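Working notes, structure below.
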Amino acid sequence: MSLPTELIHHPYRPPADFEAVAPGVHKASTVIFPSVAAMRERDWKDKSAYTYGLHGTPTTFTLEERIATLEGGRHCVLAPSGLSAIALVDMALLRAGDELLIPDNAYGPGKAFAEGELAAWGIRHRFYDPMDPADLAAQLTASTRLVWLEVPGSVTLEYPDLPALVEVVRQANERFGYGQGHQRIVTALDNTWGAGIAFCAFEAGVDISMQALTKYPSGGADVLMGSVVTRDESLHRRLLLTHMRLGLGVGANDAELVLRGLPSLALRYHAQDATARALAAWMQRQPKVARVFHPALPGSPGHEHWKRHARAAACLFSVVFQPDIPAERVDAFCDRLQRFRLGYSWAGPISLCVPYDIPSMRTTPWPHAPRLVRFAVGLEAQEDLQADLAQALQVLD
Ligand SMILES: *Cc1c(COP(=O)(O)O)cnc(C)c1O
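Residues in the sequence shown are numbered from 3 upward in steps of one, following the numbering used here.
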């Protein structure tokens, strides 16, 4: 055998008695089979065997198991981003003629996917008011197949009564005479905010829990990934089939980064929760501030639902200023911040802020000044962040 061939065919055995704390990072497109019989026998859907890198490696299967555990679910499938995980759920469960309901305050790019691709494929969508279970009940029809839920609303952070919304869908399934089969209306929660820490999605009764692992599970602001978790085997199989057809694999190095973030997830979540609550309460006392949105803050929309159903809160809070402050001054306030940097995403080490124009993002009325600033608290010291907010508020004098 020539040296190049010998090096390529050099025998390899995974190290025995090497139980390191971190799981190994296994990379593959090709997986070698010992025989044609084994090649024919192995089923890509069966996660006890390996067939092709796209269908999973020991590293991605380990991450899937840990995310399922984090969410209190049984099955997990990974996607290359949170947004692709949302699109995967939509494409796996919806066909032409079906209807999809989305909360009016849902994550924007997920709405855009419904307005763009899904609409072009003959799948209708409507937006419901998540703070009014009666509105969801009124919008459900015999064509509805999927109801998205989000806790709390993206950017505006209203906290809905999640079990009440799930109950509305359960009653609709009963009213339409749907059983456990494909026809049933499925509920899917965007659980990026709760991250498996604030509450258990499945105890609240949802069928699917999706997360942007980009946020808390990674915690590093350096990787994009999404997950879709279920307790129901047949639902998982439907998701897996579409996932395979679309080729939504994730890279081993990205999976490694998320695996590395998971052990510190709960600590980071609670630390950022404490800082965000303190800063939200402080902001509420500032004369230029009209309203602070944070589910744990008394008076914030849906605070009573948060109090009843959640154990913790994420790193986000949003602020609207007094109506006499023009939008350009609010932008100038954001420009003046130094510790809070301008950038999308959240749950990383660096605090971030983004100014949004809310009326352009929703169909339900917005009774406040249009410009809202969303803050995402990082891992910096609270006093440094508060001092930064205080110096930037001077722009508004
Ligand atoms: C960030 C985010 C997503 C999308 O995640 P990406 O990995 O950035 O695609 C989805 N939902 C919510 C609530 C998010 O905050």
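By construction, the Cβ of each residue, glycine as well, lies at the ideal position given by its N, Cα and C atoms. Just so it is clear, the structure is predicted and the values come from calculations on it, not from any experiment.
- Trp150 and Ser37 have their C-alpha atoms some 45 angstroms from each other.
- Under a 10 Å Cβ-count criterion, Val23 is classified as exposed, with fewer than 16 other Cβ atoms of the shown protein chains found around its own Cβ.
- Relative to the non-hydrogen atoms of ligand 1, the Cβ of Ala214 comes within a distance shorter than 7 angstroms of at least one.
- DSSP places Val157 outside any alpha helix (DSSP H), giving it a letter other than H or E.
- Of all residues, those with a beta-carbon under 7 angstroms from at least one heavy atom of ligand 1 are Ser83, Gly84, Leu85, Ser86, Ile88, Tyr109, Pro111, Gly112, Glu152, Ser156, Asp192, Thr194, Trp195, Ala214, Thr216, Lys217, Leu226, Met227, Gly228, Ser347 and Trp348, reported in chain order.
- CA-to-CA, the gap between Leu72 and Gly196 works out to about 11 angstroms.
- By the Cβ criterion, the region 297-304 is not in contact with the region 358-370, since fewer than three pairs of Cβ atoms, one from each stretch, lie closer than 8 angstroms.
- The beta-bridge partner set that DSSP reports for Glu101 consists of Arg126 and Thr146.
- In the three-state scheme derived from DSSP, where H, G and I count as helix and E and B as strand, Gln213 is classed as strand.
- Taken atom to atom, the span from the alpha-carbon of Gln213 to that of Tyr130 is near 21 angstroms.
- Only residues of its own chain outside the window of five on either side were considered, and among them Glu160, Pro162, Pro303 and Gly304 have a CB closer than 7 angstroms to the CB of Met133, listed in chain order.
- Distance check between Ala349 and each of Thr366, Gly380 and Pro372 places Gly380 closest, using alpha-carbon atoms only.
- The shortest C-alpha to C-alpha distance from Asp192 to any of Ala389, Ala257 and Gly84 is the one to Gly84.
- Annotation: Thr32 is outside any beta strand (DSSP E) and is labelled neither H nor E by DSSP.
- Under the three-state reduction of DSSP output, Tyr109 falls in the coil class, being neither helix nor strand.
- Taking Cys202 as the centre and dropping the five residues before and after it, the same chain places the C-beta of Gly74 closer than 6 angstroms to its C-beta, in chain order.
- For Phe204, the secondary structure class from DSSP, reduced to helix, strand or coil, is coil.
- Annotation: His296 to Ser347 spans about 17 angstroms, alpha carbon to alpha carbon.
- Thr64: member of the alpha helix (DSSP H) spanning Pro60 to Glu73, first to last residue.
- By the C-beta criterion, the region 248-255 is judged not to be in contact with the region 99-106, since fewer than 3 inter-stretch pairs fall below 8 angstroms.
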